[in-house]
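Protein chains in written order, with my numbering: chain A, 1 to 350; chain B, 1 to 350.
All C-beta atoms, glycine included, are put in the ideal place defined by N, C-alpha and C.
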């Protein structure tokens with residue numbers, strides 16, 4: 001094994017003589033970055049499982065380079081990885097693979113740039129994988145297997161799919177101006193609009209008016225305009241989702257229709273991915289996993305958006321197998337790295 | 001006539017002994033501020049007309065206090081008024097009335113604050129009127145009469161109406177997040193979304209893809225995402241309107257449907273105002289003017305949005321009388337002041 005370690009030794013590495021082989025999985029989001037360190041059993045014979053030992057888990061700040069810039073993103077990533085290694089009593093030369101799944105990776109050029117950063121940090125025997133964060137979300141539901149589709153619907157929404165032979169496709173994920181109408185932001189913006197329309201005579205009465213104004217401590221729909229444009233954060237608007245669901249559950253027709261529209265939008269994203277990849281086979285009957293992630297798809301409510309999305313999809317693709325991940329995306333990233341490693345071993349005939 | 005002039009004399013006022021009675025009309029927008037100075041014939045006998053003599057016209061910067069702050073807005077207003085008076089060889093004591101129509105005036109508190117500024121500047125015999133800029137747009141089509149409805153559709157959109165007995169109502173005008181879907185921004189955002197949806201399989205093929213990517217010098221729909229969020233200016237997106245109209249004129253179904261939706265949205269705003277004010281009388285048959293303002297409603301194109309909006313409205317309200325203003329809003333504001341003055345004289349029995 002080559003030992004062409006790069007960079008200086010991190011402080012704690014002087015005190016550690018080595019350790020078992022490990023894998024780092026990183027979920028780099030716009031809000032936070034999570035890094036987990038797992039022990040690698042022999043990848044030639046053992047499949048990764050949910051019960052694989054997590055040696056360390058570290059949470060840091062934002063590592064989306066589009067949001068905080070390249071230097072800050074890189075520092076955050078280096079910091080969480082160093083801390084995860086330190087906590088697990090490991091050093092960089094024990095790392096067998098790193099899978100970094102990070103938001104804002106949309107082009108091969110983004111991917112290559114981040115691979116280059118990682119290459120500077122780790123010895124050259126370490127296998128490095130850089131993916132969009134949607135990929136870690138998928139892997140968190142499939143235990144690292146890159147096959148099927150993931151639907152993420154939180155503040156934003158995206159559908160991302162993979163075939164076993166390595167083709168991929170995405171739908172939506174273009175942000176609120178470009179039609180992510182099924183997202184938490186999309187739903188809430190429709191609800192705010194419905195209040196304005198009821199107020200000025202363009203739309204029907206809705207209970208959303210009372211409920212949302214009360215939640216925001218505003219006294220009239222006119223004040224919503226100032227509230228809306230005072231802060232451009234999408235998450236602040238998306239946070240109104242529970243109020244809208246409560247109104248729909250209380251029988252409000254307008255809120256109900258907004259949620260039904262959202263269901264159709266989310267289902268449409270998934271169907272577009274399934275169709276482009278042929279995920280359900282030529283006859284549309286084959287089974288495939290659909291990993292459901294994000295606050296909009298939480299399946300604990302009476303008005304169950306996720307259930308209705310699956311119903312809509314299964315009418316065309318009865319083989320859809322919904323999965324709610326039991327592990328977090330960072331572990332999904334680590335399991336993904338494990339699977340990539342296993343494949344490499346198989347290909348090399350080891 | 002009282003001569004309780006406020007403030008210091010402006011420099012040029014020392015050199016001018018007085019002059020004929022005049023009116024100032026100001027259209028204070030987010031992009032620019034226009035001030036016109038007109039000579040007042042005897043308001044007791046003469047109605048204002050388009051041929052009333054414009055003594056001076058001055059253009060300044062932004063005077064929307066929400067956009068540039070109160071101090072800068074006030075300085076711009078004072079500067080354009082002083083310059084208009086100087087150019088027309090008049091002094092403040094010759095001013096009979098000022099009508100300031102300014103964007104960002106949505107509440108009586110806004111109105112009172114701006115009235116207080118003006119009161120500091122002018123002698124107390126001067127009649128002062130402060131209105132939302134939509135009101136000047138209406139007056140520019142009705143030669144100062146505050147009756148009927150104005151539909152503005154440029155980057156944004158708003159419908160604003162007045163009855164002869166002084167009631168008023170508005171619809172839309174709440175910005176792009178809150179459902180101004182018929183605006184130039186709304187139309188263009190739908191078109192950009194249609195490109196993304198065609199690209200990822202959620203929507204049908206559209207000529208918009210080729211035309212808009214070419215206009216923006218982009219090579220793929222993926223690049224639209226970066227372009228869209230690189231600059232939050234609504235006007236930049238709204239500027240794509242001619243491309244969308246051209247695609248609709250060339251027979252593109254997607255572009256055509258976007259424009260048809262916009263027509264319904266714009267007509268709905270006007271209908272909401274007509275209905276709330278009873279502008280068309282109890283039987284809905286009475287005549288009323290509808291002043292059409294803004295780039296979306298320019299009536300020179302083959303795909304004529306304004307014409308279709310009027311058709312939609314006249315099905316319910318056959319008395320609608322569309323008007324395209326022949327004078328600018330600043331003159332509308334001046335004519336409005338003239339009409340207010342005339343009414344005051346009538347009420348005082350002078």
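In the structure shown, what three-state DSSP assignment does residue 279/A receive?
Three-state result, residue 279/A: coil.
Answer with yes or no whether the minimum CB distance from residue 339/A to chain B is below 8 Å.
Judged by the 8 Å Cβ criterion, residue 339/A is not in contact with chain B.
Could you check where the alpha helix (DSSP H) with residue 384/B kicks off and where it finishes?
Residue 384/B lies beyond the residue range present for chain B, which begins at 1 and ends at 350; the question has no answer from this structure.
Let me confirm a value: residue 324/B is counted as buried when at least 16 other C-beta atoms fall within 10 Å, else exposed. Which label applies?
Result: exposed.
Closest by C-alpha distance to residue 127/B, when choosing among 239/B, 116/B, 276/B:
That would be 116/B, whose Cα lies nearest to the Cα of residue 127/B.
Along the chain, where does the alpha helix (DSSP H) that runs through residue 108/B open and close?
Here the alpha helix (DSSP H) through residue 108/B covers 108–121.
For residue 45/B and residue 337/B, what's the separation of their Cα atoms in angstroms?
Below a pLDDT of 50, predicted positions are generally treated as unreliable, and residue 45/B, at 41, falls in that range; no measurement from the model is reported.
Mapping DSSP to helix, strand and coil, what is residue 127/A?
Residue 127/A: strand per DSSP, three-state reduction.
Report the CB separation of residue 124/B from residue 85/B in whole angstroms; it is logged as a contact under 8 Å.
17 Å between Cβ atoms; not a contact.
In three-state terms, what does DSSP make of residue 327/B?
In the three-state DSSP reduction, residue 327/B falls in the coil class, being neither helix nor strand.
If we define contact as Cβ-Cβ less than 8 Å, is residue 114/B a contact residue for chain A?
Not one chain A Cβ lies under 8 Å of residue 114/B.
Option nearest residue 299/B by Cα separation, candidates 287/B, 131/B, 258/B, 242/B
Selected option, being the one with the closest Cα: 242/B.
At the 8 Å Cβ level, is residue 220/A part of the contact set with chain B, yes or no?
Interface criterion not met: the Cβ of residue 220/A is under 8 Å from no Cβ in chain B.
Residues near residue 174/B in its chain [Cβ-Cβ closer than 8 Å; skip 5 each side]:
Setting aside the 5 residues that flank it on each side, residue 174/B is surrounded in the same chain by 180, each with a C-beta closer than 8 Å to its C-beta; the list follows chain order.
Please report how far the alpha carbon of residue 31/B lies from the alpha carbon of residue 148/A, in whole angstroms.
About 51 Å.
Taking Cβ positions only, does residue 259/A come closer than 8 Å to chain B?
Not a single CB atom of chain B sits nearer than 8 Å to the CB of residue 259/A.
Just to confirm the assignment: which complete alpha helix (DSSP H) runs, minimum length 4, are found wholly within the segment 176–251 of chain A?
Within the segment 176–251 of chain A, the runs of alpha helix (DSSP H) that reach at least 4 residues and sit entirely inside it are, in chain order, 184–200, 208–216, 221–230, 234–238, 241–249.
State the start and end residues of the unbroken alpha helix (DSSP H) segment that holds residue 174/A.
Per DSSP, residue 174/A is not a residue of any alpha helix (DSSP H), being assigned neither H nor E.
Against residue 225/B, what residues of chain A qualify as contacts under a CB-to-CB distance less than 7 Å, listed in chain order?
In chain order, 174, 175, 178 make up the part of chain A whose C-beta sits under 7 Å from the C-beta of residue 225/B.
CB contact flag (residue 263/A, residue 293/A, <8 Å):
Inclusion of residue 263/A and residue 293/A in the CB contact set at 8 Å is not warranted, their separation being larger than that value.
Please determine, among 41/A, 61/A, 62/A, the residue with the shortest C-alpha to C-alpha distance to residue 52/A.
In terms of Cα proximity to residue 52/A, the closest of 41/A, 61/A, 62/A is 41/A.
Here's a check: name, in chain order, each residue in its chain whose Cβ is nearer than 6 Å to the Cβ of residue 101/B, leaving out the five neighbours to either side.
Result list for residue 101/B: 27, 131, 133, 135, 136, 333, in chain order.
Can a CB atom of chain B be found closer than 8 Å to the CB of residue 200/A?
It does; some Cβ of chain B falls within 8 Å.
Interface partners of residue 269/B on chain A, CB under 7 Å:
Close partners of residue 269/B in chain A (Cβ separation under 7 Å): 202.
In chain B, which residues lie with their C-beta within 7 Å of the C-beta of residue 196/A?
Under the 7 Å cutoff, chain B gives 174, 178, 179.
Spatial neighbours of residue 119/B in its chain, beta-carbon cut-off 7 Å, leaving aside the 5 residues before and after:
Listed in chain order, the non-local C-beta contacts of residue 119/B below 7 Å within the same chain comprise 128, local neighbours out to five positions each way being set aside.
With DSSP collapsed to three states, give me the class of residue 317/B.
Coil.
Taking Cβ-Cβ distances shorter than 9 Å, what residues in chain B pair up with residue 228/A?
Within chain B, the residues near residue 228/A are 174, 175, 177, 178.
For the segment 17–90 of chain A, which segments carrying the alpha helix (DSSP H) assignment without a break, of at least 4 residues, lie completely within its bounds, in sequence order?
Whole alpha helix (DSSP H) segments, 4+ residues: 65–68, 70–87.
Does the pairing of the segment 250–263 of chain A with the segment 185–198 of chain A give three or more beta-carbon distances under 8 Å?
Judged by pairs of C-beta atoms under 8 Å, the segment 250–263 of chain A touches the segment 185–198 of chain A, as three or more such pairs exist.
Below-8 Å beta-carbon distance, residue 157/B vs any chain A residue
Not one chain A Cβ lies under 8 Å of residue 157/B.
Measure from the C-beta of residue 193/B to each C-beta in chain A and report whether the shortest distance is under 8 Å.
Yes, its Cβ sits closer than 8 Å to a Cβ of chain A.
Using a cut-off of 8 Å between C-beta atoms, extract the partners of residue 275/A located in chain B.
Result: 201.
At a Cβ cut of 9 Å, what residues of the segment 158–171 of chain A count as close to chain B, listed as they run along the chain?
Against chain B - using a Cβ distance shorter than 9 Å - the residues of the segment 158–171 of chain A are 159, 169, 170, 171.
Taking 8 Å as the threshold (beta carbon to beta carbon), is residue 189/A in contact with chain B?
Yes, contact with chain B.
is_contact[residue 106/B, chain A] using C-beta, thresh 8 Å
At least one chain A Cβ lies under 8 Å of residue 106/B.
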